[in-house]
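Residue 137 in UniProt numbering sits at position 137 of the sequence shown; the count goes up by one each step and never skips.
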Amino acid sequence: MKVNFIVVGGQKCGTTAVHKFMKHHPQVKTSNPKETDFFNYRHVYEKGFNYYHSHFGKDNSLKRSIKDWYRNVKFMESSPTYLTDEDITETAKRIYTYNPKIKLICLVRNPTDRAFSAWNMYRKRYFEKGDEWWFEWMKNKTGRKPLAISRTKKEYQDFNLYVENELAVINKNQKIACDIIKMGEYYKGIKIFQRFFGDNFLVIKNEDLKKNTSEKLIEIAEFFKIQSFDWERFHNVEIFKGNYIETMPVETEKMLNSLYSNANEELFKLTGISY
Numbered sequence: 001m002k003v004n005f006i007v008v009g010g011q012k013c014g015t016t017a018v019h020k021f022m023k024h025h026p027q028v029k030t031s032n033p034k035e036t037d038f039f040n041y042r043h044v045y046e047k048g049f050n051y052y053h054s055h056f057g058k059d060n061s062l063k064r065s066i067k068d069w070y071r072n073v074k075f076m077e078s079s080p081t082y083l084t085d086e087d088i089t090e091t092a093k094r095i096y097t098y099n100p101k102i103k104l105i106c107l108v109r110n111p112t113d114r115a116f117s118a119w120n121m122y123r124k125r126y127f128e129k130g131d132e133w134w135f136e137w138m139k140n141k142t143g144r145k146p147l148a149i150s151r152t153k154k155e156y157q158d159f160n161l162y163v164e165n166e167l168a169v170i171n172k173n174q175k176i177a178c179d180i181i182k183m184g185e186y187y188k189g190i191k192i193f194q195r196f197f198g199d200n201f202l203v204i205k206n207e208d209l210k211k212n213t214s215e216k217l218i219e220i221a222e223f224f225k226i227q228s229f230d231w232e233r234f235h236n237v238e239i240f241k242g243n244y245i246e247t248m249p250v251e252t253e254k255m256l257n258s259l260y261s262n263a264n265e266e267l268f269k270l271t272g273i274s275y
């Protein structure tokens, strides 16, 4: 078998929604878990392709031979870390070596909104799991505990302070836990994936997916070259709701909009998507 489709990012841009939607297509077999993080973390990659393929399993409800099943089913995983992790070029190279004909999707979102969404996610987990959860989470993903500055409780109560402290750390060329800024610089990863995969790399605007869900799912299905499907059933399905109590401070929104202006210009040059 070969995995046919990957959603490579970005974080908090709708990858979970696309993964859940595509899971309903009878021809698509999605990975479990959704995020394998196979190609970007060396200690995971070195486990080999049999380990990678074990995340997909076999649908025993299908009364076909294993050979027929693998021939008719398309395999898909969704790992947002592929787009913005430390060595994107190495990740893209590994994916290309594995399957040069693979089709990749990248979702992007207004980076300021994405940063606020990520903060809310990290905020929720901090108050549920404590201040060490991120370090343990990253250790499980990467194989080692990251060397990063810890966040404070005040930062999870004040989005503006959270952003200012992260920018100060970046300016010192240091790392901080639960970072959110670089994840919105989509163009860096997009440029690399476009170079490797050309027309087999599709960028989707999260806001378009949310507003015109069925139309965008049709576009994705056509890009994947899978059988027609009734995507209209998901027209009013709500997967995107964040349930955030906090609202973004106006001054922080302005600061982030200014911060991302150059990155947004580069994104437009590569994709025609404007923020």
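Idealized CB from N, CA, C, for every residue including glycine.
- request: Identify which residue in Glu232, Lys12, Ser274, Glu128 has its Cα closest to the Cα of Ser78.
  value: Closest by alpha carbon: Lys12.
message: DSSP three-state label for Ile190, please.
response: In the three-state reduction of the DSSP assignment, Ile190 falls in the helix class.
query: So Val163 and Ile149 are in contact, right, with Cβ under 8 Å, and what is the actual spacing, rounded?
result: Taking C-beta atoms under 8 Å as the contact rule, Val163 and Ile149 fail to qualify, at a distance of about 14 Å.
message: Helix, strand or coil for Ser54? Go by DSSP, reduced to three states.
response: If DSSP states are grouped into helix, strand and coil, Ser54 belongs with coil.
N- and C-terminal bounds of the beta strand (DSSP E) containing Met76: Membership of Met76 in the beta strand (DSSP E) is indicated by the continuous run 74 to 78.
- request: Give the secondary structure of Lys29 by DSSP, where H, G and I count as helix, E and B as strand, and everything else as coil.
  value: Strand, per DSSP.
task: Identify every run of the alpha helix (DSSP H) within the segment 77 to 152, keeping only runs that are complete inside it and at least 4 residues long; order them along the chain.
output: Runs found: 81 to 84, 88 to 98, 111 to 129, 133 to 142.
- prompt: Taking C-alpha atoms, which residue in Met1, Val3, Thr30, Pro26 lies nearest to Thr15?
  reply: The shortest C-alpha separation from Thr15 is found at Thr30.
message: By the three-class DSSP mapping on this structure, what secondary structure does Gly14 have?
response: Assigned with DSSP and collapsed to three states, Gly14 falls in coil, not helix or strand.
Residues near Glu166 by beta carbon distance below 8 Å, same chain, minus five either side: Take Glu166, set aside five residues on each side of it, and the residues of its chain with a beta-carbon closer than 8 Å to its own are Ile176, Asp179, Ile180, Ile181, in chain order.
- request: Compute the beta-carbon to beta-carbon distance between Val18 and Ile105, rounded to the nearest angstrom, for a pair I have assumed lies under 8 Å.
  value: In this structure Val18 touches Ile105 by the C-beta definition: roughly 7 Å separates them, less than 8 Å.
query: How about residue 278 and Pro249: are their beta carbons less than 8 Å apart?
result: Residue coverage of the chain in this structure runs from 1 to 275, which leaves residue 278 outside it and unanswerable.
field: Inter-stretch contact at 8 Å, needing at least 3 Cβ pairs: the segment 201 to 210 / the segment 78 to 92
entry: Contact check between the segment 201 to 210 and the segment 78 to 92: fewer than three CB pairs, one atom from each, fall below 8 Å, which does not count as touching.
query: Considering only residues of the same chain and omitting the five flanking positions on each side of Lys101, which have a CB-CB separation below 8 Å?
result: Closer than 8 Å at Cβ, skipping near neighbours: Asn200.
C-beta atoms of Lys141 and Tyr52 nearer than 8 Å: Not a contact, by the Cβ cut-off of 8 Å.
field: Beta-carbon proximity of Thr112 to Glu232, cut-off 8 Å
entry: Not a contact, by the Cβ cut-off of 8 Å.
query: Would a C-beta distance cut-off of 8 Å place Asn4 and Phe75 closer than the cut-off?
result: Going by C-beta atoms, Asn4 is nearer than 8 Å to Phe75.
Between the CA atoms of Arg195 and Gly189 - distance to the nearest angstrom: Near 10 Å, if we compare the C-alpha coordinates of Arg195 and Gly189.
- request: In the DSSP assignment, find the unbroken beta strand (DSSP E) run with Val237 in it and report its ends.
  value: Here Val237 belongs to no beta strand (DSSP E), and DSSP marks it neither H nor E.
field: Meets three-Cβ-pair contact criterion under 8 Å: the segment 32 to 47 and the segment 132 to 146
entry: Yes: at least three Cβ pairs fall under 8 Å.
Per-residue DSSP class, three states only, for Val163: Three-state result, Val163: helix.
- request: Pick out whichever of Lys2, Val8, Gln27, Gly9 has its Cα sitting closest to the Cα of Ser228.
  value: Ranked by Cα distance from Ser228, the first of Lys2, Val8, Gln27, Gly9 is Gln27.
task: Give me whichever residues DSSP pairs with Lys205 in a beta bridge.
output: According to the DSSP secondary-structure assignment, Lys205 is paired through a beta bridge with Val108.
Buried versus exposed call for Gly272 [16 or more other C-beta atoms within 10 Å across all chains shown]: The residue is exposed, with fewer than 16 neighbouring Cβ atoms inside 10 Å.
query: Distance, Cα to Cα, Glu155 vs Asn120?
result: The alpha-carbon atoms of Glu155 and Asn120 are separated by roughly 11 Å.
task: Below 6 Å CB to CB, which residues in the same chain sit around Ile135 once its five sequence neighbours on both sides are set aside?
output: Sequence check: residue 135 is Phe here, not Ile. Sequence-distant Cβ neighbours of Phe135 in its own chain, meaning closer than 6 Å and more than five residues away, are Lys145.
task: Rounded to whole angstroms, what's the CA-CA distance from Glu46 to Arg94? Just pull it up for me.
output: When the Cα atoms are used, Glu46 and Arg94 turn out to be separated by approximately 11 Å.
query: Given that a residue counts as buried once 16 or more other Cβ atoms are within 10 Å of its Cβ, and exposed if not, what is Arg71?
result: Residue burial is scored here from C-beta neighbours: Arg71 has fewer than 16 other C-beta atoms within 10 angstroms and is therefore classed as exposed.
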